[in-house]
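Colleague: Got a structure for you, written out below as C-alpha cells; questions coming shortly.
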Amino acid sequence: MAAIQEFEITYLGSAAKVAEHSFKNGRVFHIDFAEPGIKPLIITVACDADDKKFWTSIPEGRQELAEQVGKLIAAYIRNKKKEICVTTTAKKSPVLSLFD
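Structure (C-alpha cells):
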C-alpha cells in the first residue's frame, strides 16, 4: 500500500521517517527510527470507553512510545495545516483591478 504522505519528525534528537497510510475506517502511521535500538512502529488513533481519543501501537504493547511519537506527529500535522491556511492581501501588480 502506498503512503498518502511521508515526512520526518525528530525523536530523542534523531530523525524518524513517518509514512501515513489511509484505510476505509481511519489511518495509520508507520515510523522508522534512525536510532538502531528502536524497532519500527505502527500507530493509530483509537477511542476509549468514554470516546476519548488516544494514540496506540499496532499490535498493542508499545503504548508509551506510541503516545510520545503520536504527539509529535499530531504537532507536525497541525503546523502543516497552519502553513497551508495562510492568505495574503498584498498587491503584487501595479495594474489596476476592477475594484480600484
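Heads up, the sequence shown is in our numbering, so the first residue is -18 and it goes up one at a time. For each residue, glycine too, the CB sits at the ideal point set by N, CA and C.
From the DSSP output, in three-state form, read off K34 for me.
Modeller: strand
Colleague: What do you reckon, are the CB atoms on A15 and A(-4) nearer than 7 Å?
Modeller: yes
Colleague: Tell me where the beta strand (DSSP E) around L22 begins and ends.
Modeller: 22 to 28
Colleague: I need the DSSP call for R43, collapsed to helix, strand or coil.
Modeller: coil
Colleague: CA-CA distance, H2 and T25?
Modeller: 10 Å
Colleague: Secondary structure at K61, three-state DSSP: helix, strand or coil?
Modeller: Secondary structure of K61 (DSSP, three-state): helix.
Colleague: Of all the options C28, K52, P21, which has the alpha carbon lying nearest to the alpha carbon of G7?
Modeller: Residue nearest to G7 within the set C28, K52, P21 is C28 (criterion: CA-CA distance).
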